[in-house]
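S.K.:
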Amino acid sequence: MKLYRFFLRSLSEELIFLIRLMQRFNQNIERYKDSKFLRKINSLLVFLLHKRIFRKFACDITPSCKLGNVVFRHPTGIVIGGGAVLADGVIIHQNVTFGALRFDEKEKRGIPCQQIVGQDTIIGCGAKVLGDITIGKNCIIGANAVVTKDVPDGTTVVGFNTFIYK
1 MKLYRFFLRS LSEELIFLIR LMQRFNQNIE RYKDSKFLRK INSLLVFLLH KRIFRKFACD
61 ITPSCKLGNV VFRHPTGIVI GGGAVLADGV IIHQNVTFGA LRFDEKEKRG IPCQQIVGQD
121 TIIGCGAKVL GDITIGKNCI IGANAVVTKD VPDGTTVVGF NTFIYK
């Protein structure tokens, strides 16, 4: 029965499986910091899994992000930065971005920040969650919304930081 389930897995489940595997090998890099060979092998596996996720799903998901029991409705074009912490029950639609708000010109990269998303939150397609923010429990982030401020529990966000309280 498990072999049958393996071949008929949904795209969301396959993406989550590959992310968890990539995160596991990423943890092994720290675990085997004394062994150069094991560290290189795990780094290679993280690299290959990251490329596999990018090629199959067009998703750029950093191995250091923390994902609970999330659901990807249409796993295409999703970007999750290293500071993202997603709780259980979060539903993510296509083309959602969790990332940095500011860019460091000297290092040519985004300034590290953390996005924390509470339980049972729905994030609509094309939404952007940027900067150091916290989204509460049971929130709805509408399609193409841009969130750069903290969102209280049970709130709907549409447009650019426009909150609709329940």
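Its first residue numbered 1, the sequence shown is counted upward by one per residue in full-length UniProt numbering.
By construction, the Cβ of each residue, glycine as well, lies at the ideal position given by its N, Cα and C atoms.
Is DSSP giving residue 111 helix, strand or coil here?
M.R.: Within the sequence shown, residue 111 is the residue found at index 111, counting from 1. The answer is coil: DSSP assigns residue 111 none of H, G, I, E or B.
S.K.: Assuming residue 59 and residue 15 form a contact by the criterion Cβ under 8 Å, report the distance between their Cβ atoms to the nearest whole angstrom.
M.R.: Position 59 of the sequence shown, counted from the first residue, corresponds to residue 59. Position 15 of the sequence shown, counted from the first residue, corresponds to residue 15. Between residue 15 and residue 59 the Cβ distance is about 7 Å, and since that is below 8 Å, they are a contact.
S.K.: Determine the contact status of residue 83 and residue 63, defining contact as a CB-CB distance below 8 Å.
M.R.: Taking the first residue of the sequence shown as 1, we reach residue 83 at position 83. Taking the first residue of the sequence shown as 1, we reach residue 63 at position 63. No.
S.K.: Which residues mark the beginning and the end of the beta strand (DSSP E) in which residue 158 is found?
M.R.: For this step, residue 158 is matched to residue 158 along the sequence shown. Per DSSP, residue 158 belongs to the beta strand (DSSP E) from 155–158.
S.K.: Helix, strand or coil, according to DSSP, for residue 137 in the structure here?
M.R.: Walking along the sequence shown from the start, residue 137 turns up at place 137. Coil at residue 137, not helix or strand.
S.K.: Could you check if residue 149 is buried or exposed, using at least 16 other CB atoms within 10 Å of its CB as the buried criterion?
M.R.: Here residue 149 refers to the residue found at position 149 of the sequence shown. By the 10 Å Cβ count, residue 149 comes out exposed.
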